[in-house]
Amino acid sequence: MSESQFDGTKFRLSQPESFNNKNLKLQGWLKKKSPAILKGWQKRFFMLIENEGYKLVYFDDDKTNSKPKGAFELSNNIFIEQAGEEEFTIRFPIHILIVQFFINIFLLYLIYFTLY
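Positions 1042 to 1157 (the working numbering) are the ones given, in order, by the sequence shown.
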């Protein structure tokens, strides 16, 4: 298992559990900003899962039986707001994720803001 750190909260990544439809809230292709300065945006398959809290898990491809590439632990107090037909916002303490569909092909863009 690999260990990752996000905003001071440590968590472990493991083989994804068998997600049933009631736990899976949102899924689709996103582009996320790479932590490496020169790499730019990377296409990843994301899943928002509710299971004793929320977790945003992402993979290299849509074969979700593989090991996750990474994950974000989210607060239990998240709010998903529909901002339009092709855009929604996930709000949780300290962070805002704005996700927008692109030409109805379930390609999503992830914009991440940290509020201080």
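The C-beta atom is built at its ideal place from N, Cα and C for all residues, glycine as well.
Distance, residue j Cα to residue i Cα
i, j, result
"W1082", "D1103", "17 angstroms"
"F1120", "P1109", "24 angstroms"
"E1091", "N1064", "5 angstroms"
"L1072", "M1088", "A small fix is needed here, since residue 1072 is Lys in this sequence, not Leu. In a straight line, the C-alpha of K1072 is about 13 angstroms away from that of M1088."
"G1069", "Q1123", "16 angstroms"
"K1096", "T1105", "14 angstroms"
"I1078", "F1086", "21 angstroms"
"D1101", "E1093", "25 angstroms"
"K1074", "K1066", "22 angstroms"
Member of the options whose CA lies at the smallest distance from the CA of residue i
i, options, result
"K1084", "Q1123, G1094, E1122 and G1111", "G1111"
"S1107", "Y1099, E1122 and E1093", "Y1099"
Backbone secondary structure at residue i - three-state DSSP
i, result
"L1079", "coil"
"I1121", "strand"
"K1084", "strand"
For residue i, the first and last residue of its enclosing beta strand (DSSP E)
i, result
"E1093", "It is not in any beta strand (DSSP E) - E1093 carries neither H nor E in the DSSP assignment."
"K1066", "L1065 to K1074"
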